[in-house]
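Numbering (my numbering), first residue to last: 12 to 1150.
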């Protein structure tokens, strides 16, 4: 039995690519030379020092000093020194901007504080591990006195031998820095800008930074100018034209390009949808040939004409009028790309800038109600010099400030007086960073490990922050919830913004990325490229982009960065593939020496093992081995006491056994091994009381790996699969069905469960909590499958939030009745009973071999209100061969109905006025005596002679009055009573709208008249053994004499397979009252792009007059000779000939 819970680019060598709202293909940019160090420290260090104060006063530290007989005077001196330094942090933050000596002092202080933090963390870990060992011994009754065990511990630890020396070194460094504060004239300010009030101006949700046209001001004229250029003619007859938008960073070039791209008029020239970057170069040539397109290249930096010509090659094959819209900061780029026009984007005007600021700072409320704030705000907008990014960011900052003094302080800040020429950092952005609370500064600064345009997921970043201990403790919130708040605060201030794509990811604007790199200084390093020259010794966080071969020389300079905290592999291509090589010397020699490591990620590399020395990295809190070729984990990994997040996703080479002492990782909060097969869950996992994420629990055959452990994991959330329940051992003589029921009864989840899957359940009936609206009030998805011994269903109709229900594999269930909808004897007329399935939108019932009766109508039903399925949109019933009785007859919201392999079903179709798709296959007993009308029907798929004949015969009304049918598929329908030439006469009005026609296995079909389908785009003919030709019902003598006739002007796709009597595409059969005759005429289909011919034994030639034909597949057509003129169509790009 299986139980699943769930709650709530391909690139050029020189081209970095990603997909945004439109095709986003940034060229390799010149690396900005950024001065590092400014704006770091001060309030930035406030949170670090606060953590240090808490640790110095913690019982663990005090107990350790007492145990080792260390001088408590060190702790006292350390506390006094840090307190003295803490008092001048705000003043240092302000003065470091213009004083390089203060800036150097701040960097040295940060380095010393990191060293102190490492030492205190090491002591904390040592004490906690010994306490844990004592608890484990006490739990196993091997000792009785926990404290004596701790005191008597004789294990040798390297920390003990040099602890006093290290404490003295840390203290000496801090005392030296404390003394220098007087030389630098740093003053005690108390609570300054770095720890300002964190209050909100209004009680409302802040505006986010996601792309929204309602947040764009002052760009109407610019958009119209670009639109006009798009519709202008090229230069010198060129098919392709380049238009450039040129301006400085942060002014809104990308936003303007998005506005243009999404304009309805631009869509008129955009006929090609780029679904992936695999179309680049040669594939782009095929996709764009003879088509008009609009391509947007955002943030282009390359001034290399050769590179541009290489990229431009496939675009030259597009149709005349195609355009490329480029955004860049350099006019030289536009010259290299031979732009026909350059649009210089200017700063926002005063009023437009104020409107944008007002939206973010006042959230569209009337600023006139706050006249003093409005006056200050207008002056601040003036200082932003019309830059939208700066205006937005400061607006988001001031949104959190509640007083005139705070607004005025930002207006009068000295930061406005510093030019951005030296650092490329806009003063307004510096200012927005300076006024962040200390904890947010730390979190934002850490993001400098991400390169530009890197897309990241919110939760993964939060787990990284946790690993670096950047999240402050909270008494009533989890660390994850604190991280959510931090992330939300940074997003609402425009430091992060949503990125386009199928998954919810975020990205930093280039200028924000520059700012993060700027403020992190020499403490963060991005290893880009294949070689490393100078890595600052102070570096604590390092990231590197995975490449095909990460040789040892690339990482050798890291040896001097012995205090590194983060070593993180980044997959810039966003493509999952465990094939990036990394030298074994890195994993087995370098990494074990980085004793202060907190975050380690080898994501996507082809490592097969970790060294046993991994257990010595006691500080590690985040470990990511996902998408690697790891085969096993060393037992020493269980010594990583501080580990909080362990990701082992999709490791397909893993042997399947986890270390037996995993339960010792008592701080583990997230263990994600989705897609990695393990043999069984280790023993005693229930001791991991902090665990929130456990993707799978597999019951083993050994004693102890049972479901009781799950009952102890009270913090679990997310998704959980429970597998191999058959391995449970039972006491007593209960039969198997009772065992399964007792088991499932005990596995009752909490009331916040949203998704539940139960598979291979062996009981005869379900426990009460399944179907109980109080037990599962928020359940959205429910699957019950392969429950072969259940003879009834629970009252699922009373689950108020259920939207999707899958039922399959109930081998002995014969009837679905009242018990499926109500509790006990409930009914619709009972005031205590809610309307059954009031939220259900999707219902799938499959593989019910004994099911005969479906009771859908009860006394008290109110059909006018939708009966028992008022919101049902999709109903699928498949492989229920004994089902006879009626279907629900009143389905007011139904859009898709699919009935397959219900051979004995005699019910009529339900009344569903909103039905759009109907599938009827192998339902030969269905009644069509009282067929309702479906005015919105778009797709019909029918299989079986009875069904097809019933729906298509002249007296039938189902399809007669449909005017919007676009797709019709008929399968396995040999119905001799239906004359195909009549098919398509005037009473079949749907023929005028039909775009796709598929006919499979109709041996009664001899000829098909195509001119009856004026909008037909796709025609598939399969297994029609007697089909001889495509025909028209009438042809004028003029057409015949000219030797050609348009069968269809819209046909794009034609496939004819296994029609052995088919003679020729160019033969037209003329139907007449007195008989028929045949003439050889040319098939004129000017739009036809694809032809597939398969098993046509008698076809000898192919037609001419196919100017658009691009793809031709020929399989087993032995008589085929050639095209009439002996040559291929001029546009043919793909030919497969297996005749």
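Ideal placement from N, C-alpha and C gives every residue a C-beta, glycine not left out.
State the Cα-Cα distance for the pair residue 114 and residue 348, rounded to the nearest angstrom. Counting from 1 along the chain shown, the entry for residue 114 is found at position 103. Counting from 1 along the chain shown, the entry for residue 348 is found at position 337. The C-alpha of residue 348 is placed about 43 angstroms away from the C-alpha of residue 114.
Rounded to a whole number of angstroms, what is the C-alpha to C-alpha distance between residue 321 and residue 327? Position 310 of the chain shown, counted from the start, is the residue given in the question as residue 321. Position 316 of the chain shown, counted from the start, is the residue given in the question as residue 327. C-alpha separation (whole angstroms): 11 angstroms.
Would you kindly work out how many angstroms separate the C-alpha atoms of residue 1029 and residue 1102, rounded to a whole number? Translated into the one-based positions of the chain shown, residue 1029 becomes position 1018. Translated into the one-based positions of the chain shown, residue 1102 becomes position 1091. Between residue 1029 and residue 1102, the C-alpha separation is close to 10 angstroms.
Could you tell me the alpha carbon to alpha carbon distance between residue 61 and residue 98, rounded to whole angstroms? Reading the chain shown from its first residue, position 50 is the one you call residue 61. Reading the chain shown from its first residue, position 87 is the one you call residue 98. Here the alpha carbon of residue 61 sits roughly 12 angstroms from the alpha carbon of residue 98.
So, helix, strand or coil for residue 83, using DSSP? Along the chain shown, read from residue 1 onward, the residue named residue 83 stands at position 72. Helix, per DSSP.
Does the beta-carbon of residue 742 have 16 or more other beta-carbons within 10 angstroms, so that it is buried, or is it exposed? Sequence index remark: in the chain shown, residue 742 carries index 731 (1-based). Because the pLDDT at residue 742 is just 49, under 50, the model does not fix this residue reliably, and the value given afterwards should be weighed accordingly. By the neighbour-count definition (other C-beta atoms within 10 Å, threshold 16), residue 742 is an exposed residue.
Taking buried to mean at least 16 other C-beta atoms within 10 Å of its own C-beta, is residue 666 buried or exposed? By one-based count along the chain shown, residue 666 stands at place 655. Around the beta carbon of residue 666, a 10 Å sphere encloses fewer than 16 other beta carbons of the protein chains shown; the residue is thus reported as exposed.
Taking one C-beta from the region 699-713 and one from the region 723-730 each time, how about it: are there three or more such pairs within less than 8 angstroms? Result yes; three or more Cβ-Cβ pairs closer than 8 angstroms.
Test item: CB-CB of residue 977 and residue 1007 under 9 angstroms: Sequence index remark: in the chain shown, residue 977 carries index 966 (1-based). Sequence index remark: in the chain shown, residue 1007 carries index 996 (1-based). The answer is yes: Cβ separation under 9 angstroms.
Would you kindly check if the distance between the Cβ of residue 129 and the Cβ of residue 574 is under 9 angstroms? In the chain shown, residue 574 corresponds to position 563, counting from 1. In the chain shown, residue 129 corresponds to position 118, counting from 1. Taking 9 angstroms as the Cβ cut-off, residue 574 and residue 129 qualify as a contacting pair.
In the DSSP assignment, find the unbroken beta strand (DSSP E) run with residue 499 in it and report its ends. Taking the first residue of the chain shown as position 1, residue 499 is located at position 488. Taken as a continuous stretch (DSSP letters only), residue 499 belongs to no beta strand (DSSP E), being part of the alpha helix (DSSP H) at 490-503.
Considering residue 316, what are the terminal residues of the beta strand (DSSP E) in which it resides? Position 305 of the chain shown holds residue 316. Per DSSP, residue 316 belongs to no beta strand (DSSP E); it is in the alpha helix (DSSP H), 316-323.
Does the beta-carbon distance from residue 459 to residue 531 come in below 9 angstroms? Numbered from its first residue, the chain shown carries residue 459 at position 448. Numbered from its first residue, the chain shown carries residue 531 at position 520. Yes, the pair counts as a contact, with Cβ atoms nearer than the cut-off.
Residue interval of the beta strand (DSSP E) (run including residue 1031): Here residue 1031 refers to the residue found at position 1020 of the chain shown. Residue 1031 -> beta strand (DSSP E) spans 1029-1033.
Using 10 angstroms around the beta-carbon of residue 1130, count the other beta-carbons present and answer buried if the total reaches 16, otherwise exposed. For the purposes of this step, residue 1130 is identified with residue 1119 of the chain shown, where counting begins at 1. The residue in question, residue 1130, is exposed, as its Cβ has fewer than 16 Cβ neighbours within 10 Å.
Let's see if you can read the secondary structure: which residues bound the alpha helix (DSSP H) around residue 1151? Examination of residue 1151 is not possible in this model, given that the chain is present from 12 through 1150 alone.
C-beta atoms of residue 355 and residue 396 nearer than 9 angstroms: Here residue 355 corresponds to residue number 344 of the chain shown, with the count starting at 1. Here residue 396 corresponds to residue number 385 of the chain shown, with the count starting at 1. The beta carbons of residue 355 and residue 396 sit no closer together than 9 angstroms.
I believe residue 337 touches residue 299 by the beta-carbon criterion, under 8 angstroms. Please report the beta-carbon distance rounded to the nearest angstrom. Locating residue 337 in the chain shown gives position 326, counting from the first residue. Locating residue 299 in the chain shown gives position 288, counting from the first residue. Cβ-Cβ separation between residue 337 and residue 299: approximately 17 angstroms, too far for a contact (criterion under 8 angstroms).
May I have the straight-line CA-CA distance separating residue 1146 from residue 565, to the nearest angstrom? Locating residue 1146 in the chain shown gives position 1135, counting from the first residue. Locating residue 565 in the chain shown gives position 554, counting from the first residue. Rounded to whole angstroms, residue 1146 to residue 565 spans 47 angstroms at the Cα level.
Which residues DSSP lists as bridging residue 864, in chain order: Here residue 864 refers to the residue found at position 853 when the chain shown is read from its first residue. Partner(s): 826.
Pull up the distance between the alpha-carbon of residue 936 and that of residue 1013, whole angstroms please. On the chain shown, position 925 is the one that residue 936 refers to. On the chain shown, position 1002 is the one that residue 1013 refers to. The alpha-carbon of residue 936 is positioned some 20 angstroms away from that of residue 1013.
Could you check the C-alpha separation between residue 1083 and residue 1039 for me, to the nearest Å? Stepping through the chain shown from its first residue, residue 1083 is reached at position 1072. Stepping through the chain shown from its first residue, residue 1039 is reached at position 1028. Bear in mind that the predicted position of residue 1083 carries a pLDDT of just 29, short of 50, making it too unreliable to give a figure here.
Best match in 1041, 980, 601 for proximity to residue 1011 [C-alpha to C-alpha]: For the purposes of this step, residue 1011 is identified with residue 1000 of the chain shown, where counting begins at 1. When the alpha-carbon of residue 1011 is set against those of 1041, 980, 601, the nearest one is in 980.
Need the endpoints of the beta strand (DSSP E) that residue 682 sits in, please. Numbered from 1 along the chain shown, position 671 holds the residue referred to as residue 682. Taken as a continuous stretch (DSSP letters only), the beta strand (DSSP E) holding residue 682 covers 681-683.
Close-in-space but distant-in-sequence residues of the same chain around residue 1009 (CB under 6 angstroms, 5 per side omitted): By 1-based counting over the chain shown, the position of residue 1009 is 998. These residues qualify, in order along the chain: 980, 1031.
With 16 other CB atoms within 10 Å as the buried threshold, where does residue 1067 fall? Working through the chain shown from its first residue, we reach residue 1067 at position 1056. Counting the other Cβ atoms within 10 Å of the Cβ of residue 1067 gives 16 or more, which makes it buried.
Is it buried or exposed for residue 548, if we count other Cβ within 10 angstroms and need 16 for buried? Position 537 of the chain shown, counted from the first residue, corresponds to residue 548. By the Cβ-count criterion, residue 548 is exposed, with fewer than 16 other Cβ atoms from all chains shown falling within 10 Å of its own Cβ.
Terminal residues of the continuous beta strand (DSSP E) containing residue 1065? Working through the chain shown from its first residue, we reach residue 1065 at position 1054. 1064-1068 is the extent of the beta strand (DSSP E) around residue 1065.
Tell me whether residue 77 is buried or exposed, calling it buried when 16 or more other Cβ atoms sit within 10 Å of its Cβ. Within the chain shown, numbered from 1, the residue matching residue 77 stands at position 66. For residue 77, the number of other beta carbons within 10 angstroms of its own is below 16, and it is reported as exposed.
Mind reading off the beta-carbon distance from residue 469 to residue 517? Whole number of angstroms is fine, and I expect it under 8 angstroms. To locate residue 469, count along the chain shown from 1; it is residue 458. To locate residue 517, count along the chain shown from 1; it is residue 506. Indeed, because the Cβ distance is near 6 angstroms, the residues count as touching under 8 angstroms.
When the Cα atoms are used, what is the spatial distance from residue 804 to residue 710? Looking up residue 804 in the chain shown gives position 793. Looking up residue 710 in the chain shown gives position 699. Between residue 804 and residue 710, the C-alpha separation is close to 27 angstroms.
Do three or more CB pairs link the region 627-638 to the region 105-119 at distances below 8 angstroms? No, they do not touch.
Roughly how many whole angstroms lie between the Cα atoms of residue 1018 and residue 1117? As a position in the chain shown, residue 1018 is number 1007, starting the count at 1. As a position in the chain shown, residue 1117 is number 1106, starting the count at 1. For residue 1018 and residue 1117, the distance between alpha carbons rounds to 22 angstroms.
Report the CB separation of residue 1123 from residue 1143 in whole angstroms; it is logged as a contact under 8 angstroms. By one-based count along the chain shown, residue 1123 stands at place 1112. By one-based count along the chain shown, residue 1143 stands at place 1132. About 6 angstroms; that satisfies the 8 angstroms criterion.
Among 903, 175, 865, which one has its Cα closest to the Cα of residue 882? On the chain shown, position 871 is the one that residue 882 refers to. Comparing Cα positions, the closest option is 903.
Between residue 798 and residue 828, how many whole angstroms is the CB-CB distance? I'm expecting something under 8 angstroms. Along the chain shown, one-based indexing puts residue 798 at 787. Along the chain shown, one-based indexing puts residue 828 at 817. The Cβ separation is near 17 angstroms, so there is no contact.
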